[in-house]
Amino acid sequence: MGGEFVMLSLVPILIGVLAAIACALPGNFLVLRRQALIGDAISHVVLPGIVVGFLLSGTVSSWAMMAGAAGAAVVAVLLIELIRRLGRIEPGAAMGVAFTALFAFGVLLLEQSDTSSVHLDVQHALYGNLESLIWVEAKGWSSLFDPVALAGLPPELPRIAIVALLMLVFTVLFWRPLKISTFDEGFARVLGMRTNLIGFGLVIMAAIAAVAAFDAVGSIIVIAMFICPPAAARLMTNRLEAQVLWSVAFAVFSAVMGYVLAGYGPLWLGADDAVSAAGMIATVSGLVLALAALYGPHRRSSGSPAEG
Amino acid sequence: MIRALQTAMGRSPIGDPLDTLSDKPLAVRGLTVSYGDKPAVFSLDMTVEDGSMTAIIGPNGAGKSTTLKAVLGIVPRLSGVVSVFGQPLAKSRPRIAYVPQRASVDWDFPTRVIDVVLMGLSRELGLLRPVRESHRQRASDCLERVGMRDFAERQIGQLSGGQQQRVFLARALAQDADLYLLDEPFAGVDAATERAIIDVLKGLRSEGRTVVAVHHDLSTVRDYFDHVMMINVHKVAEGPVAEAFSEENLQRAYGGRLAANLMNQLQLGGH
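Those protein sequences? They're chains A and B, same order as listed.
Under the working numbering, the residue at position 72 of the first sequence is numbered 72, and the numbers go up by one with no gaps.
Under the working numbering, the residue at position 69 of the second sequence is numbered 1069, and the numbers go up by one with no gaps.
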């Protein structure tokens, strides 16, 4: 059991957990800023970026595609801002225009270019390939201390670990500016905070999380993890500090439960095949949100202050 | 680079001369702000006297809040120079406290009353310095001054409008500033809150601090304020209430029929 679990399931679970945390951390602020859809937008626009990265480098080198994805994310953020200002339309509509257009462009690009030889298609973009990220060199728990086996870890794991750590550092280091400028931007400006820079920094961080998570687990999880754990966490507490901790707990729970249910759930129900882990993780996070909405202790309707 | 950005955003370059008025708590020259093509504030001059309590009044859409926000760098200005205690905004920020309009924030934000007041100590706390008992005590004292100490642990969404306004004022008190700028502090609050707020503001004035408030209730201007700034995109009048708050000026600011109604209410004739 141990050896098989470490080889087949440990790495996908860890990657799922880290991707979920990396997205949920900035997601807390995006949801409070009513910008949650930006995660959706970014996870779509990385597709053309990845294709362009592939076309330019000619290989499936992860770094070239990551760079392309990051570039596309920045282009999308600027494009959304441009459409919003020039078109004078609300941010949600600007995001909708930008990400559908860029995603469509990505699909066209993908169809027209010769990517048949490599593992790069629309389905991969949506669901990722979590199940395939197995640790072939692992023989059991002891492999965690075996340098040779560790060298064979899928590169997605250290990459998403670094990004999750980056999100943690960003959240802790800029906690106060993020909190104050999210709550009261005018006041933050009077304190001398560069609120534009903080907002842009947050979106860039979200883009990095989205790109790294997309690489490993696909855009379904990215969208779900930006929104569901923070939104569910908000219903559990009235303090931002506690909300962020709850969101991390929900993200971890969704990733682990989703993976286990996807792998073993169908077998328990008598079906033969496992279902998509990414899809199941997103589903679990949605169920968590539904339960929080039904039973969470702080699910007052917003914007209606009590009289008194 | 930063300087260039600030200039691009309409902030005054460091060291702008503002002639002899430059040591006043607030001096504005030629302030113009526009949303889209339409100027919201046009070529406005304004001088706030030290230790005064000034009401900015004018009809809806006259640019009262916009003036305040442009002074504070919250909205960009097309032109104009602002000096606070003789210095550009970038250098005088620690001496300014600001109370935004209550409706400008989301009160469902997950935070408690005491945490909001602690935001007023941000300058001291910096990025990572931990909040100590002494900070909590100061925040709690500020809540006491607005009669809200018992609400420190409440979530801000559970407060009434008047209580929320008092929490915002407590946060400004925590900033321990010399110039207090308030945007409609009496809008939509109950009578008890209005009394509590005006008592605190008059207390600030008696300590030698300067108070400027965007104000909409003309019937209380005489009771609450000693100076008035009347605007309607342009400046209409400015000065001590006894002189500037006149029927003639109000008519110029508010125009025809509306002004006639106001006059009756205010019974300005006797003054």
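Cβ atoms here follow ideal geometry from the backbone N, Cα and C, with glycine treated the same way.
In DSSP terms, what residue i is bridged to
i	result
B:E1238	B:M1229
B:T1054	B:V1212 and B:H1227
B:P1039	B:S1034
B:S1083	B:A1027
B:R1136	DSSP output for B:R1136 lists no bridge partner at all.
B:T1047	B:A1027
B:L1182	B:V1099 and B:A1213
B:R1093	Beta-bridge pairing links B:R1093 to no other residue.
B:R1112	B:Q1155
Delimiting residues of the alpha helix (DSSP H) encompassing residue i
i	result
A:E12	The amino acid occupying residue 12 of chain A in the given sequence is Pro; Glu does not appear at that position. Start and end: V11 to L32.
A:A198	According to the sequence as given, residue 198 of chain A is Ile; it is not Ala. From DSSP, the alpha helix (DSSP H) with A:I198 extends over T195 to V217.
B:V1099	That residue, B:V1099, is in no alpha helix (DSSP H); its beta strand (DSSP E) goes I1096 to V1099.
A:D273	Note, A:D273: premise wrong, no alpha helix (DSSP H); not H, not E.
A:G186	E185 to V190
A:H298	Counting along the chain, A:H298 falls outside any alpha helix (DSSP H), and DSSP gives it neither H nor E.
A:G92	P91 to Q112
A:I50	L37 to S57
A:F170	E156 to L173
A:P147	P147 to A151
B:E1207	Unbroken run through B:E1207: none, as it is neither H nor E.
A:G4	The amino acid occupying residue 4 of chain A in the given sequence is Glu; Gly does not appear at that position. Note, A:E4: alpha helix (DSSP H), G2 to F5.
Nearest-angstrom beta carbon gap, residue j and residue i [assumed within contact, 8 Å]
i	j	result
B:P1110	A:T195	That pair is no contact at about 19 Å.
B:R1154	B:V1113	5 Å
A:I15	A:L191	With 8 Å as the limit, A:I15 and A:L191 do not qualify as a contact, their Cβ atoms being about 39 Å apart.
A:L261	A:M280	5 Å
A:V163	A:A209	6 Å
A:A19	A:M225	7 Å
A:A138	A:M7	4 Å
B:P1059	B:A1253	7 Å
Where the beta strand (DSSP E) through residue i begins and ends
i	result
B:L1031	L1026 to Y1035
A:V256	Premise fails: A:V256 lies in the alpha helix (DSSP H), L240 to W268, not in any beta strand (DSSP E).
Other residues of its chain near residue i: CB distance less than 8 Å, five sequence neighbours each side excluded
i	result
B:E1049	K1024, P1025, T1210 and H1227
A:V288	C228, P229, A232, F250, F253 and S254
A:S247	A24, L25, G27, N28, P229, P230, A232 and A233
A:P305	Residue confidence for A:P305 is low, a pLDDT of 43 falling below 50, so the modelled location carries little weight; the figure read from the coordinates is stated next. Counting only Cβ-Cβ distances below 8 Å, and skipping sequence neighbours, we find nothing.
B:D1217	F1186
B:V1200	R1145, V1146, L1169 and L1173
Within chain D, the residues that residue i reaches when beta carbons sit closer than 7 Å
i	result
B:P1110	Structure shown: chain D not included; protein chains present are A and B.
Same chain only: Cβ atoms within 6 Å of residue i, ignoring 5 sequence neighbours per side
i	result
B:D1190	G1162
A:S57	A64
A:V74	none
A:H44	F99 and F103
A:A207	I42 and A73
A:F5	none
Sequence-distant residues of its chain with Cβ nearer than 7 Å to residue i (five each side left out)
i	result
B:W1107	I1156, G1157 and Q1164
B:S1079	G1030 and T1032
A:V97	I83
A:K179	L240
A:H298	L235, M236, T237 and N238
Would the stretch 45 to 52 of chain A and the stretch 61 to 75 of chain A be scored as touching if the rule is three or more Cβ pairs under 8 Å?
yes
Assess, as a yes-or-no matter, whether the stretch 1087 to 1100 of chain B is touched by the stretch 1050 to 1063 of chain B under the definition of 3 or more beta carbon pairs within less than 8 Å.
no
Would the stretch 150 to 158 of chain A and the stretch 1074 to 1091 of chain B be scored as touching if the rule is three or more Cβ pairs under 8 Å?
As far as the Cβ criterion goes, the stretch 150 to 158 of chain A does not touch the stretch 1074 to 1091 of chain B, which means the pair count is below three.
Taking contact to mean at least 3 C-beta pairs separated by less than 8 Å, is the stretch 1041 to 1048 of chain B in contact with the stretch 1227 to 1240 of chain B?
yes
Can we say the stretch 157 to 172 of chain A touches the stretch 137 to 148 of chain A, given the rule of at least three CB pairs closer than 8 Å?
no
At least 3 beta-carbon pairs within less than 8 Å: the stretch 1164 to 1175 of chain B vs the stretch 1114 to 1131 of chain B
With a cut-off of 8 Å, the stretch 1114 to 1131 of chain B and the stretch 1164 to 1175 of chain B count as touching, because enough Cβ pairs lie within range.
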